[in-house]
Structures are given as structure tokens and as C-alpha cells.
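Colleague: Would you mind keeping the following structure in view while I ask a few things?
In our numbering, the protein residues as written are 6 to 162.
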């Protein structure tokens, strides 16, 4: 998937600011085995990080250490393995996409931690950091970086 590296500290500081102020748009692709009830939707949940089990949990009410998490998704294709979702998180929480999709019965293929019963490449799940976009400082121009899809059969659509 898309990965950003900074050679200069000034660039690192700028990107940290862009991410913390939510000025970076991230787009992921996920493959889920189950058919989504809706072809598109917005998910808004409360999420708490379970450090002991190294996973995120969706909870019903806001209490201490609970964070809001939001994402939008839409079904963009289907193949023999499952449904391809375009996922755009509005917040950047620990395991957010995995936990929110699993919470509506759509665990990502290969993600045993969040309920998937379908195997994938060992130590991997069908979640791909596909695109990253942001506006250049002091300009109206945007830059978008896009990573090619993985080359195994799961990603042939």
C-alpha cells in the first residue's frame, strides 16, 4: 500500500500536522466475504483500544478512554472470493476499519482477530492502503499517491 517517508524533519513535521488536522484523505480497499446489507454507508461508532489483546473493540456508549470513529464505505466490485469495498476513514483510530467492518458482520478476509473464517496469505489480511491525497501548503493544488493492487488472485476483479 501507500507509504510516506520523509527525508527532512521539516517535511515530517508538516505531514504530522496534515494528519493530525485531518487534511489527508486516505482511501483503502478491503475484501469481505459476506455480502453487505447496503451497497454504501457511513459508520459512526465508539471505539476502545484493548491493549492486552492488541485489538480495538466497538462499545455502545462513551466512557473513559473511548474515542469516536467514523468511516464511509461503498461496494465497488465482486469476485469469487468476496466483495471489494472502498473505505474512507474520517478518523484514524487503531484498527478502526477492521473493528467497524467486523461490527456490521463484514470481517476482512484473513482477519482472524476480528472474526474472519477465510484464510488469506499468512500473516496478512485483505486490506490495502490504496490512495492518499492532500493539498499542498499555500496552494489549491492536491497531490494523490496511489499504490497498485496486490498481485494474488484475491485482488483480481
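All residues carry an ideal CB built from backbone N, CA and C; glycine is no exception. It should be emphasised that the depicted structure is a prediction, and the values quoted were computed from it without experimental measurement.
Measuring CA to CA, which of 34, 127, 102 and 98 is closest to residue 24?
Modeller: One-based indexing of the chain shown puts residue 24 at position 19. The shortest C-alpha separation from residue 24 is found at 98.
Colleague: Taking its Cβ as the centre, do 16 or more other Cβ atoms sit within 10 Å of residue 55, making it buried, or is it exposed?
Modeller: Working through the chain shown from its first residue, we reach residue 55 at position 50. Looking at its Cβ environment, which holds fewer than 16 other Cβ atoms inside 10 Å, residue 55 is exposed.
Colleague: Please report how far the alpha carbon of residue 133 lies from the alpha carbon of residue 124, in whole angstroms.
Modeller: What you label residue 133 is simply residue 128 of the chain shown in a count that begins at 1. What you label residue 124 is simply residue 119 of the chain shown in a count that begins at 1. C-alpha separation (whole angstroms): 16 Å.
Colleague: Buried or exposed: residue 87, going by 16 or more other Cβ atoms within 10 Å of its Cβ?
Modeller: For this step, residue 87 is matched to residue 82 along the chain shown. By the neighbour-count rule (16 or more Cβ atoms within 10 Å), residue 87 is buried.
Colleague: Assuming residue 7 contacts residue 135 (C-beta within less than 8 Å), just tell me the rounded distance between them.
Modeller: Taking the chain shown and counting its residues from 1, the one referred to as residue 7 is at position 2. Taking the chain shown and counting its residues from 1, the one referred to as residue 135 is at position 130. Right, their Cβ atoms sit about 7 Å apart.
Colleague: If you pair each beta-carbon of the stretch 73-81 with each one of the stretch 98-107, do three or more pairs fall below 8 Å?
Modeller: Short answer: they touch.
Colleague: Going by CA-CA distance only, name the one from 96, 80, 118 and 127 that's closest to residue 62.
Modeller: Here the question's residue 62 lines up with position 57 in the chain shown. Minimum Cα distance to residue 62 is reached at 118.
Colleague: I'd like the span of the beta strand (DSSP E) that includes residue 30, first residue to last.
Modeller: Here residue 30 corresponds to residue number 25 of the chain shown, with the count starting at 1. 29-37 is the span of the beta strand (DSSP E), which, as asked, contains residue 30.
Colleague: With DSSP as the reference, identify every bridge partner of residue 13, one or two as the case may be.
Modeller: Numbered from its first residue, the chain shown carries residue 13 at position 8. Beta-bridge pairing links residue 13 to no other residue.
Colleague: Skipping 5 residues on each side, what residues in its chain have a beta carbon closer than 6 Å to that of residue 48?
Modeller: As a first step, residue 48 is located in the chain shown; it is residue number 43 there, counting from the start. Cβ neighbours of residue 48 beyond the five flanking positions: 76 and 105.
Colleague: Taking just the CA atoms, how far does residue 149 sit from residue 64?
Modeller: Along the chain shown, one-based indexing puts residue 64 at 59. Along the chain shown, one-based indexing puts residue 149 at 144. Those two C-alpha atoms are separated by around 34 Å.
Colleague: Should residue 107 be labelled buried (16 or more other beta-carbon atoms within 10 Å of its own) or exposed?
Modeller: As a first step, residue 107 is located in the chain shown; it is residue number 102 there, counting from the start. Counting Cβ neighbours within 10 Å, residue 107 comes out buried, since at least 16 surround it.
Colleague: Indicate whether the contact test is met: 3 or more Cβ pairs, each with one atom in the stretch 32-51 and one in the stretch 8-18, closer than 8 Å.
Modeller: No, the stretch 32-51 is not in contact with the stretch 8-18.
Colleague: So, for residue 94: in the same chain, excluding its five sequence neighbours on each side, which residues have a beta-carbon less than 8 Å away from its beta-carbon?
Modeller: Looking up residue 94 in the chain shown gives position 89. Only 31, 33, 74, 75, 76, 101 and 102 meet the Cβ criterion.
Colleague: Taking DSSP as the reference, what is the three-state secondary structure of residue 133?
Modeller: Your numbering for residue 133 matches position 128 in the chain shown. Strand, per DSSP.
Colleague: Helix, strand or coil for residue 109, going by three-state DSSP, please let me know.
Modeller: Taking the first residue of the chain shown as 1, we reach residue 109 at position 104. Residue 109 falls in the coil class under three-state DSSP.
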